[in-house]
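In our numbering, the protein residues as written are 51 to 535.
Below is one structure, written out as structure tokens, with a few remarks after it.
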Amino acid sequence: RDLSFFDQHASGRIVSRVTSDTQDFATVVTLTVDLLSQLVLVGVISVVMLTQNVRLALLTFLMGPIVIAIALIFRRLARRVMQQAQRAQATVNATIQETISGIAVAKNFRQEAAIYNDFNAINEMAYQVQIRRVAVFGSIYPLLNTVSGLGVSMIIYAGGLLAINGTISVGEWYLFIQSLTIFFYPITSIASFWNQFQQGLAASERVFALIDDEPLVVQTAQASVGRLQGVITFDKVTFNYSTGRNTVLQDFSLTIPAGETLAIVGHTGAGKSSLVKLLMRFYEFQGGQLLIDGRDIRTLNLGEYRRQLGLVPQAPFLFSGTVADNIRYGRPGASDAEVATAAKQLGDGSWLDDLPQGLNTDVGERGARLSLGQRQLVALARVLLQDPAILLLDEATASIDPFTETQVQDALATVLQGRTSIVIAHRLSTVRAADRIIVLRNGEIIEEGNHEGLLAQGGHYAELYTTYFRHQSLAYQPWAEVASV
51 RDLSFFDQHA SGRIVSRVTS DTQDFATVVT LTVDLLSQLV LVGVISVVML TQNVRLALLT
111 FLMGPIVIAI ALIFRRLARR VMQQAQRAQA TVNATIQETI SGIAVAKNFR QEAAIYNDFN
171 AINEMAYQVQ IRRVAVFGSI YPLLNTVSGL GVSMIIYAGG LLAINGTISV GEWYLFIQSL
231 TIFFYPITSI ASFWNQFQQG LAASERVFAL IDDEPLVVQT AQASVGRLQG VITFDKVTFN
291 YSTGRNTVLQ DFSLTIPAGE TLAIVGHTGA GKSSLVKLLM RFYEFQGGQL LIDGRDIRTL
351 NLGEYRRQLG LVPQAPFLFS GTVADNIRYG RPGASDAEVA TAAKQLGDGS WLDDLPQGLN
411 TDVGERGARL SLGQRQLVAL ARVLLQDPAI LLLDEATASI DPFTETQVQD ALATVLQGRT
471 SIVIAHRLST VRAADRIIVL RNGEIIEEGN HEGLLAQGGH YAELYTTYFR HQSLAYQPWA
531 EVASV
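Below, the structure is given as structure tokens:
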């Protein structure tokens, strides 16, 4: 699935489709087998009843359409309430997932009561929907039993008259009554199963909607990639995240030579992270070309291509397990020695001394047992182990303290050699180390050059420097400014 799919669907709703909806869909298979066996039983009993008495058998068969008509009336209602129930359950799951993920923020802002009230309202809504579902599904079987009971009573009465008149014997009448009981049970079961079948079909629609959702990122070919040189060309690229939203990039052009370290700066929403996401093929662009070593990115084998890219996101995600497990995620077949080497490339490995058990330290869920800086270092080590041809750092040092940043910068100075690197950073040291800086505003390059040259121009970069970077400079003396006021 494209990243846009997960942006548009809450994780709790996806989990609901994968778990409860697939379980409901599984009942369709079981019910289908049951329905077939019940139909066979109805056919056999029908033959027996016809051999006993044709008139009573035909009278009995007239009850079948009535039972089926009732089932069909309930069909649309049952399907509608089942879809509502499944959506309500998905909403509950999504709320639980979001609440657990953001519990620290909620506690920080003392919003526990608000979260409880919101969840209580959603839960009450789901409860009312489930009550309607139970009412619909709980009424069908008693109603069918009532109708079939009335039918049996009528046929017993008619058969009794025939027995009194001598048309049939009492023994034949009794045998027919026994057959009648066996006949109506599968009929009512089939009608009852039909509504459960609708429940499974409603679930199957949601499951197949997930499966059949067409990916927006489409590769037109599967050309082998090999080791990339790292030449990147944006040729009049146009991009927006979804139809109807503002265009992020319009006829955007940029060439990055192999081995260059390019820093991208700009205010929030300028389009910096969008460039990285397009390079990773997380999203599809709507116009222009994106070339890698002169080849259309759409023609490359996506798996091989992504193996050549190393991404360190702004908020690195760590999986449950040890530090070593998370570093090895970049190259699953790596040995313990290779993992240790990658980790020690960052600050000579001194950051590992702060971990209780070094590389064997359990990071907890989403890396909760590590500091933000430690998580960032694990993410960097993971990329180093991967040994990519193109390195993408999306504000990769924004959450690291100055001491840790010094360690990372020293390591990156070596690691970036021979690799094409794109850096989106809010750290002055990162920007200064770049071979070239481009300044983005509203998806357009408005300035380009090195740090000193852009400062001398006194343009937008100089404004960004004053806002974001200047206080990080050792030459910055805020008290001097106060004294001059």
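In this text, a Cβ means the ideal position worked out from N, Cα and C, and glycines have one as well.
What did DSSP end up calling SER96 once you bin it into helix, strand or coil?
The sequence position of residue 96 within the sequence shown is 46, counting from 1. Collapsing the DSSP output to three states places SER96 in a helix.
Using a 10 Å radius around the Cβ and a threshold of 16 neighbouring Cβ atoms, would you call ILE150 buried or exposed?
The residue you call residue 150 lines up with position 100 of the sequence shown. Exposed, by the Cβ-count rule.
Contact between the region 466-484 and the region 385-397 (3+ Cβ pairs under 8 Å)
No, the region 466-484 does not touch the region 385-397.
Starting from the C-beta of THR305, find all residues in its chain whose C-beta is less than 8 Å away, skip the five residues before and the five after it, and write them out in chain order.
Taking the first residue of the sequence shown as 1, we reach residue 305 at position 255. Within the same chain, THR305 has close Cβ partners VAL281, ILE282, THR283 and PHE284.
How should ASN410 be labelled, buried or exposed, when 16 other C-beta atoms within 10 angstroms of its C-beta is the threshold for buried?
Working through the sequence shown from its first residue, we reach residue 410 at position 360. Flag for ASN410 reads exposed.
Is it the case that the Cβ atoms of GLU312 and ILE472 are separated by a distance below 7 Å?
As a working note, residue 312 is residue 262 in the sequence shown. As a working note, residue 472 is residue 422 in the sequence shown. Before going on, a small fix: residue 312 reads as Leu here, not Glu. Contact annotation: LEU312 and ILE472 have beta-carbon atoms nearer than 7 Å.
Out of LEU127, PHE302 and GLN364, state which residue places its alpha-carbon closest to the alpha-carbon of LEU422.
The residue given as residue 422 occupies position 372 in the sequence shown. That would be GLN364, whose Cα lies nearest to the Cα of LEU422.
Would you call ALA530 buried or exposed, if buried means 16 or more other Cβ atoms sit within 10 Å of its Cβ?
By 1-based counting over the sequence shown, the position of residue 530 is 480. Annotation note: pLDDT 38 at ALA530 (below 50); position unreliable, coordinate value reported separately. Answer is exposed; the Cβ neighbour count stays below 16.
Hey, ILE440 and ARG469 are a contact pair by Cβ (cut 8 Å); roughly how many whole angstroms apart?
Working through the sequence shown from its first residue, we reach residue 440 at position 390. Working through the sequence shown from its first residue, we reach residue 469 at position 419. Contact holds; Cβ gap of about 7 Å.
Can you round the beta-carbon distance between VAL142 and ILE172 to whole angstroms, since I take them to be within the 8 Å contact cut?
As a first step, residue 142 must be located in the sequence shown, where it is residue number 92. As a first step, residue 172 must be located in the sequence shown, where it is residue number 122. Confirmed, Cβ separation roughly 6 Å.
Is the number of C-beta pairs between the region 330-346 and the region 365-385 that are closer than 8 Å three or more?
At 8 Å Cβ cutoff, the stretches do not touch.
My guess is that ALA463 and ALA484 are in contact by the Cβ rule of under 8 Å, so how many angstroms apart are they, rounded?
In the sequence shown, counting from the first residue as 1, residue 463 sits at position 413. In the sequence shown, counting from the first residue as 1, residue 484 sits at position 434. With 8 Å as the limit, ALA463 and ALA484 do not qualify as a contact, their Cβ atoms being about 12 Å apart.
Alpha helix (DSSP H) segment containing GLN180, residue limits:
Counted from its first residue, the sequence shown places residue 180 at position 130. Its alpha helix (DSSP H) spans residues 162-215.
Terminal residues of the alpha helix (DSSP H) in which SER479 lies
The residue labelled residue 479 in the question sits at position 429 within the sequence shown. For SER479, the enclosing alpha helix (DSSP H) starts and ends at 478-482.
Rounding to the nearest angstrom, what Cα-Cα distance links ALA140 and GLN134 in this structure?
Indexing the sequence shown from 1 puts residue 140 at position 90. Indexing the sequence shown from 1 puts residue 134 at position 84. Take the alpha-carbon of ALA140 and the one of GLN134: they are about 10 Å apart.
To the nearest angstrom, how far is it from the Cα of SER96 to the Cα of LEU266?
Reading the sequence shown from its first residue, position 46 is the one you call residue 96. Reading the sequence shown from its first residue, position 216 is the one you call residue 266. Each residue's alpha carbon lies about 54 Å from the other.
GLN178 to VAL202, Cα distance in whole Å?
As a first step, residue 178 is located in the sequence shown; it is residue number 128 there, counting from the start. As a first step, residue 202 is located in the sequence shown; it is residue number 152 there, counting from the start. Approximately 37 Å, taken between the alpha carbons.
Helix, strand or coil at PHE367 [DSSP, three-state]:
By 1-based counting over the sequence shown, the position of residue 367 is 317. DSSP places PHE367 in coil when its eight states are reduced to three.
Going straight from the alpha carbon of GLN527 to that of TYR515, what length do you get?
Taking the first residue of the sequence shown as position 1, residue 527 is located at position 477. Taking the first residue of the sequence shown as position 1, residue 515 is located at position 465. Any reading at GLN527 is ruled out, since the residue's pLDDT is 41, under 50, leaving its predicted position unreliable.
Of the listed residues LEU127, GLY210 and VAL90, nearest to ILE190 (C-alpha basis)
Taking the sequence shown and counting its residues from 1, the one referred to as residue 190 is at position 140. Among LEU127, GLY210 and VAL90, the Cα nearest to that of ILE190 is on LEU127.
Residues in the same chain with beta-carbon distance under 8 Å from VAL268, minus the five sequence neighbours each way, listed in chain order, please.
Numbered from its first residue, the sequence shown carries residue 268 at position 218. Taken in chain order, the residues that qualify are GLU334 and ARG348.
What is the DSSP secondary structure of GLY309, counted as helix, strand or coil?
The residue given as residue 309 occupies position 259 in the sequence shown. Here GLY309 sits in coil by DSSP.
Which class does THR270 belong to by DSSP, given the choice of helix, strand or coil?
On the sequence shown, position 220 is the one that residue 270 refers to. DSSP places THR270 in the coil class of the three-state scheme, outside both helix and strand.
Rounded separation between ALA213 and THR231 - CA only
By 1-based counting over the sequence shown, the position of residue 213 is 163. By 1-based counting over the sequence shown, the position of residue 231 is 181. Approximately 18 Å between the Cα atoms of the pair.
CA-to-CA distance, GLU494 to THR517, given in whole angstroms:
Position 467 of the sequence shown holds residue 517. Position 444 of the sequence shown holds residue 494. Looking at the backbone, the Cα of THR517 and that of GLU494 are separated by about 20 Å.
Runs of alpha helix (DSSP H) lying entirely within the region 309-382, each at least 4 residues, in chain order:
Entirely contained in the region 309-382, the alpha helix (DSSP H) runs reaching 4 residues are, in chain order, 322-329, 352-357 and 373-378.
Within 10 angstroms of the Cβ of ALA185, are there 16 or more other Cβ atoms? Answer buried if so, exposed if not.
What you label residue 185 is simply residue 135 of the sequence shown in a count that begins at 1. Exposed, since its Cβ has fewer than 16 Cβ neighbours within 10 Å.
Thinking C-alpha only, which one of GLY417, VAL326 and ILE206 is nearest LEU359?
Numbered from 1 along the sequence shown, position 309 holds the residue referred to as residue 359. The residue with the shortest Cα to Cα distance from LEU359 is VAL326.
Compare the Cα-Cα distances from ARG130 to each of PHE187, THR101, THR391 and ALA144 and report the closest residue.
Indexing the sequence shown from 1 puts residue 130 at position 80. Each of PHE187, THR101, THR391 and ALA144 was checked against the Cα of ARG130, and the nearest Cα belongs to PHE187.
Are the beta-carbon atoms of VAL275 and GLU354 separated by less than 7 Å?
Position 225 of the sequence shown holds residue 275. Position 304 of the sequence shown holds residue 354. Against a cut-off of 7 Å, the Cβ pair of GLU354 and VAL275 comes out as a contact.
How would you call ARG277, buried or exposed, if buried means at least 16 neighbouring beta carbons within 10 angstroms?
Counting from one through the sequence shown, the residue named residue 277 turns up at place 227. Per the 10 Å Cβ criterion, exposed.
Considering only the beta carbon of each residue, do ALA387 and ARG378 sit closer than 7 Å?
Position 337 of the sequence shown, counting from 1, holds the residue named residue 387. Position 328 of the sequence shown, counting from 1, holds the residue named residue 378. Going by beta carbons, ALA387 and ARG378 fall outside the 7 Å limit.
What first and last residue would you give for the alpha helix (DSSP H) that runs through THR411?
On the sequence shown, position 361 is the one that residue 411 refers to. Premise fails: THR411 is in no alpha helix (DSSP H) and is neither H nor E.
Does DSSP put GLY509 in a helix, in a strand, or in coil?
Residue mapping note: residue 509 aligns to position 459 of the sequence shown, counting from 1. Of the three classes helix, strand and coil, the one that applies to GLY509 here is coil, per DSSP.
For a test of the three-state rule: what should DSSP assign to THR288, helix, strand or coil?
Numbered from its first residue, the sequence shown carries residue 288 at position 238. Correct three-state label for THR288: strand.
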